[in-house]
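Numbering (UniProt numbering), first residue to last: 1 to 201. Notes follow once the structure below has been shown.
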């Protein structure tokens, strides 16, 4: 769950917000798609209702997009099958024990309010730069700080609201990629938050 959630957060960074030509970026387009999607009714319980006060509307929308991406069968709840399908789409083969462990973190059915409570408490007060970097780190099994551009392209074009190859190309124009095709996500995260360095630096 963390991977999907954080990737959605990463996609909302400044580089994805608008294009240099003033057009709509991949993430802006994705948000527009999501806005039209059917949303589930939020019925916050008394114990968790004030979790919505922890975030502004744009943050809540990011969490909602993450929830929708994990909720593969669109029933308004995240269940073990949803988790399995999401992880399988990432090339993982999770065991039942692993899935049960993830589900056991929740005291009850995982609707959006529960999801926001579980992950909101973990992310509240976290440096957004760390959140974005950790999103990419989910796909960097050897903790090198790099993801090969072909692998990242596959993830972006097959997960959730899929990017087109042209949209990935647009992102890669801003990205630090070495001659071997390794995408430096640590540096890319810094660029998202602070802007690109001058070439003379």
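Even for Gly, the Cβ is constructed at its ideal location relative to N, Cα and C.
Residue i in three-state terms, based on DSSP
i           : result
residue 77  : coil
residue 115 : helix
residue 101 : helix
residue 92  : coil
residue 136 : helix
residue 53  : helix
residue 158 : helix
residue 66  : helix
residue 59  : helix
residue 141 : coil
Those residues which DSSP pairs with residue i across a bridge
i           : result
residue 148 : 182
residue 191 : In DSSP, residue 191 forms no bridge with anything.
residue 177 : 183
residue 110 : 78
Residue-level contact to chain D via CB, residue i, 7 Å cutoff
i           : result
residue 101 : Absent from the structure is chain D; it holds one protein chain and no more.
Whole-angstrom distance between residue j and residue i, CA atom to CA atom
i           : j           : result
residue 63  : residue 99  : 21 Å
residue 186 : residue 178 : 13 Å
residue 94  : residue 180 : 31 Å
residue 132 : residue 189 : 6 Å
residue 89  : residue 159 : 7 Å
residue 83  : residue 75  : 13 Å
residue 21  : residue 110 : With a pLDDT of only 43 at residue 21, under the threshold of 50, the placement of this residue in the model should not be trusted; the figure read from the coordinates follows. Whole-angstrom Cα-Cα distance: 41 Å.
residue 51  : residue 108 : 16 Å
residue 236 : residue 156 : Limits of the chain in this structure are 1 at one end and 201 at the other, which puts residue 236 out of reach.
Beta-carbon spacing of residue i, residue j below 7 Å
i          : j           : result
residue 67 : residue 146 : no
residue 60 : residue 70  : no
Under 8 Å, with one C-beta from each stretch per pair, do the region 133-142 and the region 163-179 reach the 3-pair mark? no
Cβ contact check for the region 98-112 and the region 153-165: 3 or more pairs under 8 Å: no
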